[in-house]
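Numbering (the working numbering), first residue to last: 45 to 533.
The beta carbon of each residue, even a glycine, is placed where N, CA and C say it ideally should be.
Note that the coordinates shown come from a computational prediction; the quantities given were computed from them, not determined experimentally.
What follows is a single structure, written as structure tokens, with notes after it.
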């Protein structure tokens with residue numbers, strides 16, 4: 045009674061006062077600790093139970109195995125299940141689910157397959173909770189082939205199975221496969237829920253798949269997910285990353301309440317497009333609404349300043365981080381400031397800050413300075429930064445190409461030859477540029493200059509059209525561009 049009411053202290057007092065404890069009393073006490081989240085106490089009591097030779101049934105085993113998962117000790121959870129098998133303890137479908145979950149979270153595909161085999165031998169492989177756990181295990185271990193095979197074998201997949209498949213394809217950024225599963229789900233009269241939409245929408249945002257994202261937007265409106273703020277934040281994120289800032293702002297304006305994620309997405313979206321002034325307006329609006337910034341949003345707004353050349357504003361925000369917001373600058377913030385100065389042509393200030401950072405500068409920070417020196421033609425600072433970058437022995441081929449281009453532009457042929465030799469010695473090769481084109485029937489990858497792709501004629505036709513549009517955009521005012529965005533929806 046005490047344990048079920050959450051008073052484990054009183055329950056433990058009664059438990060310790062018992063002269064004879066049976067399996068029920070042991071299980072009640074262990075379950076009481078488990079229900080209150082006191083897993084270490086539950087495990088300790090379990091070990092005492094074993095030491096005293098008390099009977100341990102499947103309920104006890106499963107409770108402790110599940111506890112190990114809650115404590116993120118997946119090895120102990122699987123080890124306990126192995127002890128159960130070796131000791132002849134009763135294994136049930138709950139044990140199989142727990143074992144699959146442990147392998148799923150730890151990424152142990154081989155061991156997960158063994159548990160799958162055990163489920164088949166026990167004829168538990170058609171129980172929904174077991175098959176869902178096994179499919180999840182395959183999906184999280186990036187074995188979507190077996191996950192899909194098991195999914196197709198299900199007579200009537202439930203909501204959990206559909207969500208697991210969509211999440212699995214989302215993990216591998218396979219938007220087309222996720223889209224197919226989503227459409228099958230809707231056609232099968234299984235109603236997508238909040239989890240389905242959030243998972244799929246996050247994928248659309250990551251790969252900037254505007255077509256599928258719009259379909260989801262329509263579905264969200266039809267289903268009335270008005271109060272689910274995370275969904276609307278995901279929509280803002282997707283439209284922002286796709287460059288549809290006017291649509292992102294429309295979604296933002298229709299929300300009843302905004303959180304830091306809402307503002308961060310808007311600040312990042314406008315910042316990436318070089319509209320730092322608008323980003324700063326959203327930041328001020330956020331502060332005025334009573335939301336205090338954290339370290340992440342400060343990186344976002346400083347990056348927006350960097351992409352827009354707002355040096356004074358960036359310096360003011362960097363100063364306010366500590367004095368007004370109580371945020372200690374981290375490496376990411378210093379990186380934004382170095383990038384801000386470098387992009388603005390303030391190479392001496394960028395190098396000075398790089399030398400004064402309380403953290404060892406990253407190769408990305410130094411590379412930003414090298415790139416800026418190349419653009420400004422400052423070979424003195426550029427050479428110092430290049431030597432520094434080479435000493436880091438970065439494995440990023442782009443950094444070596446950056447240094448080589450700077451030396452070539454400055455006519456430093458001996459230094460250029462040294463860099464190229466170093467690249468050969470280290471086995472560093474510049475990967476060819478790769479892009480994706482959507483020709484109306486899904487995304488198709490193609491390499492730069494690649495004419496071997498079967499869809500090359502269609503791809504280059506689209507590229508030619510985009511080139512013409514970019515040329516015409518150069519002759520448009522900002523107002524005209526905004527109007528064109530609004531017309532396209």
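key: Assigned exposure category for residue 62 - 16 Cβ within 10 Å defines buried   = Mapped onto the chain shown, residue 62 falls at position 18. Exposed: under 16 other Cβ atoms inside 10 Å.
request  = Apply the 10 Å Cβ neighbour rule to residue 60 and answer buried if 16 or more other Cβ atoms are within range, or exposed otherwise.
outcome  = Locating residue 60 in the chain shown gives position 16, counting from the first residue. Result: exposed.
ask   = Any idea if residue 160 is buried or exposed, counting beta-carbon neighbours within 10 angstroms, 16 or more meaning buried?
value = Start at 1 with the first residue of the chain shown, and residue 160 comes out as number 116. Buried is the call here.
key: Residue span of the alpha helix (DSSP H) that contains residue 231, given as start and end   = In the chain shown, counting from the first residue as 1, residue 231 sits at position 187. Where residue 231 is concerned, the enclosing alpha helix (DSSP H) stretches over 219-231.
key: Endpoints, alpha helix (DSSP H) assigned at residue 294   = On the chain shown, residue 294 is found 250 positions in, with the first residue counted as 1. Secondary structure note for residue 294: its alpha helix (DSSP H) is the uninterrupted segment 289-298.
ask   = residue 327 to residue 75, Cα distance in whole Å?
value = Within the chain shown, numbered from 1, the residue matching residue 327 stands at position 283. Within the chain shown, numbered from 1, the residue matching residue 75 stands at position 31. Approximately 48 Å between the Cα atoms of the pair.
task = Measure from the alpha carbon of residue 223 to the alpha carbon of each residue in 254, 382 and 108, then state which is nearest.
result = Against the chain shown, residue 223 aligns to sequence position 179. The residue with the shortest Cα to Cα distance from residue 223 is 254.
ask   = For the alpha helix (DSSP H) that contains residue 235, what are its first and last residues?
value = Position 191 of the chain shown, counting from 1, holds the residue named residue 235. Taken as a continuous stretch (DSSP letters only), residue 235 belongs to no alpha helix (DSSP H), as it is neither H nor E.
query = Since residue 282 contacts residue 257 with CB under 8 Å, what's their CB separation in whole angstroms?
reply = Position 238 of the chain shown, counting from 1, holds the residue named residue 282. Position 213 of the chain shown, counting from 1, holds the residue named residue 257. The Cβ separation is near 5 Å, so the contact holds.
ask   = With a CB to CB cut of under 7 Å and the five nearest residues on each side skipped, what residues in its chain are close to residue 221?
value = Working through the chain shown from its first residue, we reach residue 221 at position 177. The beta carbon of residue 221 is closer than 7 Å to those of 213 in its chain, skipping five residues each way along the sequence.
query = For residue 171, which residues of its own chain have a beta-carbon under 6 Å away from its beta-carbon, when the five flanking residues on both sides are left out?
reply = Against the chain shown, residue 171 aligns to sequence position 127. Non-local C-beta neighbours of residue 171 in its own chain, meaning closer than 6 Å and more than five positions away in sequence, comprise 137, ordered along the chain.
request  = Indicate whether residue 410 and residue 387 have their beta-carbon atoms separated by less than 8 Å.
outcome  = Counting from 1 along the chain shown, the entry for residue 410 is found at position 366. Counting from 1 along the chain shown, the entry for residue 387 is found at position 343. Not in contact: residue 410 and residue 387 (Cβ atoms no closer than 8 Å).
key: N-terminal and C-terminal residue of the alpha helix (DSSP H) that residue 379 is part of   = By 1-based counting over the chain shown, the position of residue 379 is 335. Element bounds for residue 379: 375-387.
key: Validate contact between the segment 398-410 and the segment 355-366 using beta carbons, cut 8 Å, 3 pairs   = Result no; under three Cβ-Cβ pairs closer than 8 Å.
request  = State yes or no: is the C-beta of residue 284 within less than 8 Å of the C-beta of residue 312?
outcome  = Taking the chain shown and counting its residues from 1, one reaches residue 284 at position 240. Taking the chain shown and counting its residues from 1, one reaches residue 312 at position 268. If you check the CB distance, residue 284 and residue 312 come in under 8 Å.
Where residue 354 sits in the DSSP three-state scheme = Mapped onto the chain shown, residue 354 falls at position 310. When secondary structure is reduced to three states using DSSP, residue 354 falls in the coil class, being assigned neither helix nor strand.
query = By a C-beta neighbour count over all protein chains shown, 10 Å radius and 16 as the cutoff for buried, is residue 66 buried or exposed?
reply = Residue numbering aside, residue 66 sits at position 22 when the chain shown is read from its first letter. Classification of residue 66: exposed, given that the 10 Å Cβ count is below 16.
query = If you draw a straight line from the C-alpha of residue 450 to the C-alpha of residue 268, how long is it?
reply = Locating residue 450 in the chain shown gives position 406, where the first residue counts as 1. Locating residue 268 in the chain shown gives position 224, where the first residue counts as 1. So the alpha carbons of these two residues sit roughly 55 Å apart.
query = Given residue 198, which residues of its chain have a CB within under 7 Å of its CB, disregarding the five upstream and five downstream residues?
reply = Residue numbering aside, residue 198 sits at position 154 when the chain shown is read from its first letter. Cβ neighbours of residue 198 beyond the five flanking positions: 175 and 205.
key: With 16 other Cβ atoms within 10 Å as the buried cut-off, status of residue 461   = Locating residue 461 in the chain shown gives position 417, counting from the first residue. Label assigned to residue 461: exposed.
task = Helix, strand or coil for residue 555, going by three-state DSSP, please let me know.
result = Given a span of 45 to 533 for the chain in the structure shown, any question on residue 555 remains unanswerable.
query = So what's residue 349 in DSSP terms, helix, strand or just coil?
reply = One-based indexing of the chain shown puts residue 349 at position 305. Residue state, collapsed to three classes: helix.
request  = Report the option in 261, 299 and 248 whose CA atom is closest to the CA atom of residue 273.
outcome  = For the purposes of this step, residue 273 is taken as the residue at position 229 of the chain shown. Across the set 261, 299 and 248, the C-alpha of 299 shows the shortest separation from the C-alpha of residue 273.
task = Check residue 101 in the structure and name its three-state DSSP category.
result = As a working mapping, residue 101 is identified with position 57 in the chain shown. Three-state DSSP puts residue 101 in coil, outside helix and strand.
task = Can you have a look at residue 70 and say buried or exposed, based on whether 16 or more other CB atoms are within 10 angstroms of its CB?
result = Numbered from 1 along the chain shown, position 26 holds the residue referred to as residue 70. Flag for residue 70 reads buried.
task = Counting only the same chain and skipping the five closest in sequence on each side, list residues whose C-beta sits under 8 Å from that of residue 509.
result = Numbered from its first residue, the chain shown carries residue 509 at position 465. Closer than 8 Å at the Cβ level, and outside the excluded window around residue 509, lies no residue.
query = In three-state terms, what does DSSP make of residue 333?
reply = To locate residue 333, count along the chain shown from 1; it is residue 289. In the three-state scheme derived from DSSP, where H, G and I count as helix and E and B as strand, residue 333 is classed as coil.
message = Give me the residue from 340, 301, 303 and 344 with the minimum Cα distance to residue 25.
response = With the chain represented from 45 up to 533, any question about residue 25 goes unanswered, as that position is not in the structure.
inquiry  = Can you find the residues in the same chain that come closer than 8 Å, C-beta to C-beta, to residue 390, ignoring five residues on each side of it along the sequence?
reply    = Within the chain shown, residue 390 is the residue found at index 346, counting from 1. Cβ neighbours of residue 390 beyond the five flanking positions: 355.
ask   = Nearest-angstrom Cα distance between residue 231 and residue 146?
value = Translated into the one-based positions of the chain shown, residue 231 becomes position 187. Translated into the one-based positions of the chain shown, residue 146 becomes position 102. Approximately 33 Å, taken between the alpha carbons.
query = Does the separation of the CB atoms of residue 275 and residue 265 fall below 8 Å?
reply = To locate residue 275, count along the chain shown from 1; it is residue 231. To locate residue 265, count along the chain shown from 1; it is residue 221. No.
Per-residue DSSP class, three states only, for residue 371 = Locating residue 371 in the chain shown gives position 327, counting from the first residue. Three-state result, residue 371: coil.
query = Apart from the five residues just before and just after residue 292, which ones in its own chain have a Cβ nearer than 6 Å to its Cβ?
reply = Numbered from its first residue, the chain shown carries residue 292 at position 248. 280, 283, 284 and 313.
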